[in-house]
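**Q** In our numbering, the protein residues as written are 4 to 532. One structure follows; several queries about it will come next.
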Amino acid sequence: MKKIYIMLCFCFPFLVNAQLQNIQIIPQASEIKNGIGHFTLTKSTIIVLNNAELKQEAEFLNQYLLENYGFSLKIEKSLTVKKNFLLLGLSKEQSQWIDAYKLTVLENSIEIWGDQNAGVFYGLQSLFQLMPLPPQRKISIPSCNISDYARFTWRGMHLDCSRHFFSPEFIKKYIDNLAFYKMNVFHWHLTDDQGWRIEIKKYPLLTEIGGYRNGSMIGHYRDQKFDTIRYGGYYTQEQIKEIVAYAGARHVTIVPEIEMPGHALAALAAYPQFSCTGKKLEVGKRWGVEEEVYCPSEETFAFLNEVLGEVINLFPGKYIHIGGDEVLKNIWDSSALCQQIMAKEKLQNSHELQSYFIRRIEQMVNARGRQIIGWDEILEGGLAPNAAVMSWRGIEGGIAAAKQKHFVVMTPGGYCYFDHYQGKPEQEPLAIGGFTPLEKTYSYEPIPDTLNAEEAKYILGAQGNVWTEYIYTEKQVEYMAFPRLIALAEVNWSAKNVKDYQSFYNRLNAQRPLLQYRKINFSESAFKK
Ligand code: ACM
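As structure tokens, this is what we get:
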């Protein structure tokens with residue numbers, strides 16, 4: 004099969020960067036050679052697999068064809084025809100690259116070769132962007148030869164489902180759109196002060212009580228107005244299993260976030276014995292940072308160990324996000340138990356107590372073969388031995404962690420917080436603040452120039468965050484995420500030498516009908532003068 008592929012490439016002329024065909028894909032590919040002519044995909048095109056492992060990708064392709072064009076194709080294990088076939092193959096040719104693929108479109112055939120299934124999957128995503136949508140009578144695909152691979156391994160998007168809850172169907176659509184733009188991590192923020200959203204069988208009150216609040220903030224924080232409408236919801240373990248499988252089929256890893264020791268009011272409303280005060284608490288109605296946090300007691304650790312056990316059984320990925328941000332320490336500072344623990348563990352201050360907390364949690368996660376990742380506050384008081392860091396308060400936390408040889412995901416607020424305004428505030432729906440237009444997100448460079456080549460290897464990639472205090476509906480999530488998510492997809496995927504904002508803007512503009520067809524409620528702010 005490989006021989007055929009090489010032969011076809013050699014005997015067909017491709018023209019580097021020629022304008023003969025309009026090959027417009029996002030994220031931009033490393034190398035695109037234009038060909039002459041078109042392949043026409045029909046109901047009688049045959050999918051050929053050179054490896055049985057690619058059945059999953061062939062089925063994904065068929066599902067996509069069925070949904071968008073109303074038919075699917077026959078799948079065969081060997082090549083029995085000379086034309087009108089679409090070959091999916093595994094080859095080691097590009098194995099030094101991340102998620103690499105080669106896509107060759109000729110008049111009689113299409114071939115997609117990847118080092119692994121993921122590469123073939125990304126070749127399919129590029130192919131989809133070359134196919135006409137909205138569908139036309141003839142599915143004509145321009146001849147070309149694309150060699151492509153990812154710059155970073157962590158191409159992430161986050162969604163806060165605590166402040167507002169979004170349906171399992173919407174989560175699937177969000178994941179679908181990540182995969183379409185070759186992103187591969189979904190950071191699912193499942194717990195916070197205002198709602199606990201994941202069923203834990205051993206502790207049912209986490210969702211029965213912690214899953215619902217008796218009111219929410221109306222308007223901006225400074226107005227301090229509240230409604231009295233009961234609000235909530237949660238994902239059952241069955242729903243989560245289904246979403247994890249759905250993401251897996253799209254090569255998206257889900258990183259669940261279980262916040263601790265702060266942002267834990269919903270859990271403490273359900274189980275107040277795990278706070279230091281033991282006070283009866285309510286699930287949070289107001290956005291912001293709360294005084295009540297988990298107490299670093301043995302009872303709390305036993306509880307979190309059980310919770311993390313259930314979480315780890317649901318999510319197969321390497322990383323579990325344990326939060327660690329914005330922990331107010333005043334209750335710890337006045338707690339006799341905390342003072343005892345600090346004396347016993349020889350901890351100098353409450354930052355070191357937080358560090359002790361995170362190290363205890365890391366041991367539970369590592370014992371189950373997984374790694375923790377936390378917000379950059381986990382650097383304060385000393386980093387847990389194997390922890391990865393998510394740098395959100397700028398890039399300094401990421402730099403410090405990389406210098407200590409810890410893995411880092413870059414998500415600095417000024418570039419990667421998609422809850423910020425993206426256009427003139429007077430023309431936009433209410434948002435938390437900030438100003439992060441599309442071009443600013445696009446300009447983001449995840450590797451800080453203060454890192455040397457060795458340290459830079461610890462930067463896994465960048466992630467966009469969608470915090471939802473002021474994002475009430477699924478449509479609004481899309482409005483805030485798109486098109487900044489697409490810009491960040493190119494930041495994460497494309498080689499530096501092919502990155503260019505004007506080119507991106509033009510390709511995005513050309514894809515507006517595709518976004519509409521895919522029913523993505525994207526913001527037009529970047530297109531307004
Ligand atoms: C954060 O935005 N508090 C991580």
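No residue lacks a Cβ here, since even glycine has one placed at the ideal position from N, Cα and C. Owing to the predicted nature of the structure, the values given are computational and were not obtained by experimental measurement.
Cα separation between residue 154 and residue 462?
**A** Distance between the alpha carbons of residue 154 and residue 462: 11 Å.
**Q** If you count every other CB in all the chains shown that lies within 10 Å of the CB of residue 550, and 16 or more means buried, which is it?
**A** Within the shown structure, residues of the chain are numbered from 4 to 532, placing residue 550 beyond reach of any answer.
**Q** Would you give the residue range spanned by the alpha helix (DSSP H) that residue 334 belongs to?
**A** Residue 334 -> alpha helix (DSSP H) spans 333-336.
**Q** Check whether the Cβ of residue 290 lies closer than 7 Å to any heavy atom of ligand 1, and answer yes or no.
**A** Residue 290 Cβ: outside cutoff for every heavy atom of ligand 1.
**Q** Restricting to Cα atoms, I'd like to know which of 69, 275 and 102 is closest to residue 131.
**A** The option with the nearest alpha carbon to residue 131 is 69.
**Q** Residue 492 lies in the alpha helix (DSSP H); which residues open and close that run?
**A** Residues 487-496.
**Q** Hey, residue 425 and residue 440: beta-carbon distance below 8 Å or not?
**A** Contact: yes.
**Q** Quick one: measure Cβ to Cβ for residue 255 and residue 317, integer angstroms, because I've assumed they're closer than 8 Å.
**A** About 15 Å; that fails the 8 Å criterion.
**Q** Determine contact between the stretch 234-254 and the stretch 162-179, defined as no fewer than three beta-carbon pairs at a distance below 8 Å.
**A** Short answer: they touch.
**Q** Can you tell me whether residue 260 sits near ligand 1, meaning its C-beta is under 7 Å from at least one heavy atom of the ligand?
**A** Every heavy atom of ligand 1 is 7 Å or more from the Cβ of residue 260, so no.
**Q** Flag residue 199 as yes when its Cβ comes closer than 7 Å to any non-hydrogen atom of ligand 1, and as no otherwise.
**A** No, the Cβ of residue 199 stays beyond 7 Å of every heavy atom of ligand 1.
**Q** Assign residue 486 to one of two classes, buried (16 or more other C-beta atoms within 10 Å of its C-beta) or exposed (fewer than that).
**A** Per the 10 Å Cβ criterion, buried.
**Q** Using DSSP bridges, identify the partner residues of residue 162.
**A** Paired residue(s): 191.
**Q** Can you list, in chain order, every residue whose CB sits closer than 5 Å to a heavy atom of ligand 1?
**A** In chain order, the hits are 328, 378 and 395.
**Q** Do the CB positions of residue 169 and residue 494 come within less than 8 Å of each other?
**A** For residue 169 and residue 494, no; Cβs fall outside 8 Å.
**Q** Is it right to say residue 444 is buried, meaning 16 or more other beta carbons lie within 10 angstroms of its own, or is it exposed?
**A** Residue 444 comes out buried.
**Q** In the DSSP assignment, find the unbroken alpha helix (DSSP H) run with residue 127 in it and report its ends.
**A** Note, residue 127: alpha helix (DSSP H), 120-133.
**Q** Note down, in chain order, each residue of its chain lying with its Cβ closer than 8 Å to the Cβ of residue 488, except the 5 sequence neighbours on either side.
**A** Closer than 8 Å at Cβ, skipping near neighbours: 160, 180, 181, 184, 186, 421 and 467.
**Q** If residue 265 sits next to residue 211, beta carbons under 8 Å apart, how far is it from one beta carbon to the other, in whole angstroms?
**A** Going by Cβ atoms, the distance from residue 265 to residue 211 rounds to 23 Å, so no, they are not a contact pair.
**Q** For residue 418 and residue 191, I'd like the C-alpha separation in whole angstroms.
**A** Going by the C-alpha atoms only, they are around 20 Å apart.
**Q** Fully enclosed by the stretch 265-337, which alpha helix (DSSP H) runs are 4 residues long or longer?
**A** Listed in chain order, the complete alpha helix (DSSP H) runs (minimum 4 residues) inside the stretch 265-337 are 268-273, 301-317 and 333-336.
**Q** Using CA atoms only, rank isn't needed, just tell me which of 531, 525, 529 and 516 is closest to residue 138.
**A** It is 516.
**Q** To the nearest angstrom, report how far apart residue 524 and residue 84 are at their CA atoms.
**A** Taking the straight line from one Cα to the other gives about 42 Å.
**Q** Considering only C-alpha positions, which residue in the set 232, 238 and 355 is nearest to residue 209?
**A** Of the candidates 232, 238 and 355, the one whose C-alpha sits nearest the C-alpha of residue 209 is 238.
**Q** Measure the C-alpha to C-alpha separation of residue 253 and residue 117 and round it to an integer number of angstroms.
**A** Roughly 15 Å between the two C-alpha positions.
**Q** Of all Cβ atoms in chain D, is any one closer than 8 Å to the Cβ of residue 158?
**A** Of the protein chains in this structure there is only one, and it is not chain D.
**Q** What are the boundary residues of the beta strand (DSSP E) that residue 41 is part of?
**A** Looking at the DSSP string, the run of the beta strand (DSSP E) that includes residue 41 is 34-44.
**Q** When you compare the CB positions of residue 1 and residue 110, do they come within less than 8 Å of one another, or not?
**A** Because the chain spans 4 through 532 in this model, residue 1 falls outside it and cannot be assessed.
**Q** According to DSSP, is residue 63 part of a helix, a strand, or is it coil?
**A** In this structure, residue 63 counts as helix in the three-state DSSP scheme.
**Q** Using the DSSP secondary-structure output, state which residues sit across from residue 147 in a beta bridge.
**A** According to DSSP, residue 147 bridges with 37 and 108.
**Q** Residues in its own chain within less than 7 Å of residue 411 by CB, not counting five upstream and five downstream?
**A** If we look at residue 411 and ignore the five residues flanking it on each side, its Cβ neighbours are 391, 392, 394, 401, 404, 405, 461, 462 and 463.
**Q** What are the start and end residues of each continuous alpha helix (DSSP H) run of 4 or more residues lying completely inside the stretch 397-438, in chain order?
**A** Within the stretch 397-438, the complete alpha helix (DSSP H) runs of at least 4 residues are 399-406 and 416-419.
**Q** Alpha carbon to alpha carbon, how far is residue 312 from residue 127? Give it in angstroms, no decimals.
**A** One C-alpha to the other measures close to 36 Å.
**Q** What separation, rounded to the nearest whole angstrom, lies between the Cα atoms of residue 21 and residue 458?
**A** Confidence at residue 21 is low in this model, with a pLDDT of 43, below 50, so its placement is unreliable and the value that follows should be read with caution. Their backbone Cα atoms lie some 38 Å apart in a straight line.
**Q** Residues bridged to residue 394 by DSSP?
**A** Residue 394 is bridged to 413.
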